[in-house]
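**Q**
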Amino acid sequence: MIFIEKPIWILSDGYLIFETFSGFLEEIQDFLVTVSEPVIRTTLIHEYILTPYALYAAVTSGIDAKEIIYILETLSKNHLPKIALKMISLCTSLYRKLHLILYKSIYYIYSP
Numbered sequence: 001m002i003f004i005e006k007p008i009w010i011l012s013d014g015y016l017i018f019e020t021f022s023g024f025l026e027e028i029q030d031f032l033v034t035v036s037e038p039v040i041r042t043t044l045i046h047e048y049i050l051t052p053y054a055l056y057a058a059v060t061s062g063i064d065a066k067e068i069i070y071i072l073e074t075l076s077k078n079h080l081p082k083i084a085l086k087m088i089s090l091c092t093s094l095y096r097k098l099h100l101i102l103y104k105s106i107y108y109i110y111s112p
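Okay, structure coming up:
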């Protein structure tokens, strides 16, 4: 995929600019809503922001940091800013430390 066809601009302050006219609208939009929070959704341009809470929601739904970074790198017109990479790595590493398991009507706390 060449840069012209890639639909996302990633800014150093965590803002994501999504060009909706580039194709694969629903799949990309579902991913962006999972890992970030919508700010503005106009007809042709959507704006999202990466937040710790949104990254927490992504981790709890089963997406890890490597997958988030890989997909963003694949869809981004520019290189991911180092500060955004650090934020994604840091925020996602803080979550999923404990698991609550229900086994035979008893709750157990498990830490991998």
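Residue numbers (the numbering used here): 1 to 112.
Backbone N, C-alpha and C fix where the C-beta goes; we use that ideal spot for every residue, glycine too.
Where in the stretch 2–78 do unbroken runs of the alpha helix (DSSP H), each at least 4 residues long, occur, reported from the N-terminal end onward?
**A** Here the runs fully enclosed are 25–35, 52–60 and 65–75.
**Q** Count the other C-beta atoms from every protein chain shown that fall within 10 angstroms of the C-beta of residue 35, then say buried if there are 16 or more, exposed otherwise.
**A** Here residue 35 refers to the residue found at position 35 of the sequence shown. Per the 10 Å Cβ criterion, buried.
**Q** Applying the criterion that 16 or more other CB atoms from any shown protein chain within 10 Å of the CB defines a buried residue, is residue 39 buried or exposed?
**A** Against the sequence shown, residue 39 aligns to sequence position 39. It counts as exposed.
**Q** If you run the structure through DSSP and keep just helix, strand and coil, what is residue 90?
**A** Here residue 90 corresponds to residue number 90 of the sequence shown, with the count starting at 1. The answer is helix: DSSP assigns residue 90 an H, G or I state.
**Q** Can you tell me the Cα-Cα spacing of residue 12 and residue 51, whole angstroms?
**A** By 1-based counting over the sequence shown, the position of residue 12 is 12. By 1-based counting over the sequence shown, the position of residue 51 is 51. Roughly 13 Å between the two C-alpha positions.
**Q** Run through DSSP, which three-state label would residue 102 get?
**A** For the purposes of this step, residue 102 is identified with residue 102 of the sequence shown, where counting begins at 1. Note: residue 102 maps to strand in three-state DSSP.
**Q** Say whether the stretch 81–99 touches the stretch 55–69, bearing in mind that this needs 3 or more beta-carbon pairs closer than 8 Å, one atom from each stretch.
**A** Touching, yes.
**Q** Straight-line CA distance for residue 47 to residue 95?
**A** Reading the sequence shown from its first residue, position 47 is the one you call residue 47. Reading the sequence shown from its first residue, position 95 is the one you call residue 95. Distance between the alpha carbons of residue 47 and residue 95: 25 Å.
**Q** Give the C-beta separation of residue 110 and residue 99 to the nearest angstrom, bearing in mind that I take them to be a contact with Cβ-Cβ under 8 Å.
**A** Your numbering for residue 110 matches position 110 in the sequence shown. Your numbering for residue 99 matches position 99 in the sequence shown. Confirmed, about 4 Å.
**Q** Give the straight-line distance between the Cα atoms of residue 49 and residue 75, rounded to the nearest whole angstrom.
**A** Counting from 1 along the sequence shown, the entry for residue 49 is found at position 49. Counting from 1 along the sequence shown, the entry for residue 75 is found at position 75. Roughly 16 Å separates the two Cα atoms.
**Q** From residue 103 to residue 97, what does the alpha carbon distance come to, in whole angstroms?
**A** Walking along the sequence shown from the start, residue 103 turns up at place 103. Walking along the sequence shown from the start, residue 97 turns up at place 97. Taking the straight line from one Cα to the other gives about 19 Å.
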